[in-house]
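Peer 1: Numbering (the numbering used here), first residue to last: 268 to 441.
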């Protein structure tokens, strides 16, 4: 993997988050379900594999939950996928020690592990040696063991800030 390839993956993940946000704005408009149904009916030759979609689009509660999960999943995917790729690039270019020395490295590692398993903090022995870990005003400590990670603990804004901080770090690597 080249540095340019890795930076392209960062841009793609951040674009995914932005596009998801744009979708949420569109779905918040009251006429969007009607417009979508009309547009879908006019489009010939495209698969329509979700017959219950119109009902979902008109269910305010289900749509709110689905939209929040869509936005959350875009952030989780970026955190989970970019961490090992960044670590791999740094390992292959003999810069792993530089990555591990970053003030956000352990924070990112613990978030990634939480979301890669059961979305609950289950600190392993090595992670416990790094606790508490604080980055950008957010602290992860031993009292959180066994508790789910939610956006009350770490906002989506902080997750994007973490991704952007790591992206700037990668830009500065050899």
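Even for Gly, the Cβ is constructed at its ideal location relative to N, Cα and C.
For clarity, every value in this text was computed on a predicted model and none was experimentally measured.
Please confirm whether residue 284 and residue 368 have their CB atoms less than 7 Å apart.
Peer 2: The answer is no: Cβ separation not under 7 Å.
Peer 1: Report the three-state DSSP secondary structure of residue 300 (helix, strand or coil).
Peer 2: Of the three classes helix, strand and coil, the one that applies to residue 300 here is helix, per DSSP.
Peer 1: Please go through the same chain and pick out, in chain order, the residues whose beta-carbon is closer than 8 Å to the beta-carbon of residue 399, but skip the five residues on each side of it.
Peer 2: The answer, listed in chain order, is 406, 407, 408 and 409.
Peer 1: Candidates 388, 430, 310 and 356: which alpha carbon is nearest residue 346's?
Peer 2: The shortest Cα separation from residue 346 among 388, 430, 310 and 356 belongs to 430.
Peer 1: Which residue's Cα is closest to the Cα of residue 424: 343, 365 and 387?
Peer 2: If we check each option's Cα against that of residue 424, 343 comes out closest.
Peer 1: In terms of DSSP beta bridges, what is residue 371 paired with?
Peer 2: Its beta-bridge partners do not exist; DSSP assigns none.
Peer 1: Using the Cα positions of residue 304 and residue 337, report the straight-line distance between them to the nearest angstrom.
Peer 2: Each residue's Cα considered, the two are about 20 Å apart.
Peer 1: May I have a chain-ordered list of the alpha helix (DSSP H) segments no shorter than 4 residues that lie completely inside the region 380 to 417?
Peer 2: Runs found: 392 to 396.
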